[in-house]
Amino acid sequence: RGYDIKDLAEKSDFLEVAYLLIYGELPSSEQYNNFTKQVAHHSLVNERLHYLFQTFCSSSHPMAIMLAAVGSLSAFYPDLLNCKEADYKLTAIRMIAKIPTIAAMSYKYSIGQPFIYPDNSLDFTENFLHMMFATPCTKYKVNPIIKNALNKIFILHADHEQNASTSTVRIAGSSGANPFACISTGIA
């Protein structure tokens, strides 16, 4: 998109880069605020998804759980088989919002801890760390060094080019499959 990844990692946060990838330009301040609100709004997953986690044995690998959970989102959004370009942008926002929640839920399930709901008062990276490491009886204090490093990791992964998982998602997507099912192929 015409930006050096090093500059983005130093001067932007992950949601600015996500906006750039979806809309083709870095957001203005107002666009960024609206985008972050949209992502926060969609960070919750349907409560019925919690039942899916209970079907896995406690020794299941978190990535296997995440694969199934992301794929199951296609059951919650079946209308995405016939969507317009604007719907794809909303779908991308939903994915950006929900996949960290599902990743944290997968991790929490694998270690036998209760799920932690998203906290919309936190920024994207802080919220992910909160869902991963807080417990119902202990609030997680975000270390700014870890937050900064994780934000850079998210940005670098956004510029992952044409690796095997990207190719797999693109092939699945070309078949017209539900976008959440396509993303689950990349997780596999």
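Using this note's numbering, you'd call the opening residue of the sequence shown number 104 and step up by one each time.
We put the beta carbon where it would ideally sit given N, CA and C, even for glycine.
Quick one: what does DSSP say T288 is sitting in, helix, strand or coil? Here T288 sits in helix by DSSP.
E128, enclosing alpha helix (DSSP H) - first and last residue: No residue range can be given for E128, since it is assigned to no alpha helix (DSSP H) and is classified by DSSP as neither H nor E.
Per DSSP, which one or two residues make a beta bridge with T238? BP columns for T238 point to T241.
Three or more C-beta pairs under 8 Å: does that hold for the region 274 to 287 against the region 129 to 145? Contact fails between the region 274 to 287 and the region 129 to 145, because fewer than three Cβ pairs, one in each stretch, are under 8 Å apart.
Closest to Y243 by CA distance: which of I219, H153, L124 and F156 is it? The closest CA to that of Y243, considering only I219, H153, L124 and F156, is found on I219.
Given a cut-off of 7 Å on the beta-carbon distance, is the pair V245 and L259 in contact? For V245 and L259, no; Cβs fall outside 7 Å.
Would you give the residue range spanned by the alpha helix (DSSP H) that H260 belongs to? Note, H260: alpha helix (DSSP H), P247 to A261.
Excluding five sequence neighbours on each side, which residues of the same chain lie with their C-beta closer than 6 Å to the C-beta of M208? So the qualifying residues of the chain are F218.
Suppose contacts are defined by Cβ-Cβ distances below 7 Å. Is T228 in contact with K211 by that definition? Result no, Cβ atoms of T228 and K211 do not sit closer than 7 Å.
Could you tell me the distance, in whole angstroms, from the CA atom of I214 to the CA atom of K140? One C-alpha to the other measures close to 30 Å.
Please give the ranges of any alpha helix (DSSP H) in the region 173 to 229, keeping only runs that are unbroken, at least 4 residues long and fully inside the region. Within the region 173 to 229, the runs of alpha helix (DSSP H) that reach at least 4 residues and sit entirely inside it are, in chain order, 188 to 213.
Taking all protein chains shown into account, decide if P203 is buried (16 or more other Cβ within 10 angstroms of its Cβ) or exposed. Buried, because 16 or more other Cβ atoms sit within 10 Å of the Cβ of P203.
With burial defined as no fewer than 16 other Cβ atoms inside 10 Å of the residue's Cβ, what is the status of D116: buried or exposed? Per the 10 Å Cβ criterion, buried.
For F218, would you say it is in contact with chain E, using Cβ-to-Cβ distances shorter than 7 Å as the test? The displayed structure is made up of one protein chain only, and chain E is not part of it.
What would DSSP say about Q134, mapped onto helix, strand or coil? In the structure shown, Q134 sits in a helix (DSSP, three-state: H, G or I).
Cut-off 6 Å between Cβ atoms - residues of its own chain near Y135, not counting five sequence neighbours on either side: Answer for Y135: no residue qualifies.
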